[in-house]
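Residue numbers (the numbering used here): 111 to 480.
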């Protein structure tokens, strides 16, 4: 990340008390801009928003993690703070996203600012709350590991096999499915990419109003960026906690399914997003994914327009767009494009629901699994 963009994010973090959705989203997007991505008017919209939006707040953290020496470089920082995430696995995906953002900002933080920035990160980590069954503690993972067969691990991570973890009824069963792919030689980047694909599938199929699935996706991108900096045993724990969060989203979060549109005529991508028709936006995005340059041109323009008129969900949309862009280094997958379309169209969808004062969905909440 270049110094100018990083300083905008750093100064915003230091003016607040926490390090959550908003700062993670801004850091992710700033990193993309500085890697030469053509983003139209979005850089100006981001700079304006970073300087004018309310800063993030969080209660002060006073535990022992803040008593460690200040890390000299990114590798030392990642190795130092990753165990704190494992110890407090509330919203594992957002925690990993925040750590990856902090690591990227670190070279641009002055010596006197580093203790302040680190405590903002810790404030955010330990202020988060989530249902107890949405998180897997180290003690739980250890207990589940004891029940594993002795010859487990070594399988190459693939969507077809790992998707079975989302179909498991119990968290222990889901962990067993993941453990088939965890061994000392595992490629954490590949494993994270596959988990990211499963998160994308959920985003396509269901509304993610609590942002838990989106946070899992952020976490998978963060693992790809942090792999090699975090010790292997700690990274394995973090991935297991991230996979548990994904399982919980599929089995326990009661995600409301996206209703398919029966209209055979699909409007252009930008029009479908502005109409708030999520199913049509997905179809248009899948078609446009075959022309990635045009897809991203239209996407960044849509996001810039929304950021000039921000609502409470702007960090959600910006972060997912940035995460999908990070995943698209080898080409844009149609499912990824459709997932991003769902998130972008959700704004107009919500506005229509609010104006009509009708329930979000007419049916009961259902479990969603692949």
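Backbone N, C-alpha and C fix where the C-beta goes; we use that ideal spot for every residue, glycine too.
Since the model is a prediction, treat every value here as computed from it, not as a measurement.
What three-state label does DSSP hand residue i in the structure shown?
i           : result
residue 383 : helix
residue 340 : strand
residue 420 : coil
residue 199 : coil
residue 168 : coil
residue 370 : coil
residue 471 : Its pLDDT being 44, under 50, residue 471 is placed unreliably in this model, and the value from its coordinates should be taken loosely. Residue 471: coil per DSSP, three-state reduction.
residue 316 : strand
residue 143 : helix
residue 376 : coil
residue 204 : helix
residue 285 : helix
residue 187 : helix
residue 352 : helix
residue 305 : helix
residue 362 : coil
residue 136 : helix
residue 193 : helix
residue 121 : helix
residue 266 : coil
residue 408 : helix
Residue i lies in the alpha helix (DSSP H); which residues open and close that run?
i           : result
residue 234 : 224–237
residue 335 : 322–336
residue 176 : Premise fails: residue 176 is in no alpha helix (DSSP H) and is neither H nor E.
residue 161 : 152–162
residue 248 : 248–256
residue 450 : 444–466
residue 269 : 269–272
residue 389 : 388–398
Within this structure, are the beta carbons of residue i and residue j separated by less than 9 Å?
i           : j           : result
residue 464 : residue 344 : no
residue 231 : residue 210 : no
residue 234 : residue 432 : no
residue 383 : residue 316 : no
residue 309 : residue 371 : no
Item checked: the stretch 175–192 contacting the stretch 242–256, beta-carbon criterion three pairs below 8 Å -> no
Notebook entry, point to check: So does the stretch 199–212 actually touch the stretch 125–138, counting three or more Cβ pairs closer than 8 Å?
Noted result: Three or more Cβ pairs closer than 8 Å define a contact, and the stretch 199–212 meets that threshold against the stretch 125–138.
Next item on the list: Specify whether the stretch 277–295 and the stretch 160–174 touch according to this definition: at least 3 beta carbon pairs, one from each stretch, less than 8 Å apart.
Entry: no
Note to self: Under 8 Å: do the stretch 392–399 and the stretch 427–444 share three or more Cβ pairs, one atom per stretch?
What the structure shows: yes
Note to self: Using 8 Å as the cut-off, can you tell me whether the stretch 346–353 makes contact with the stretch 417–430, which would need three or more C-beta pairs spanning the two stretches below that distance?
What the structure shows: no
Notebook entry, point to check: Below 8 Å, can you find three or more Cβ-Cβ pairs linking the stretch 146–156 to the stretch 214–229?
Noted result: no
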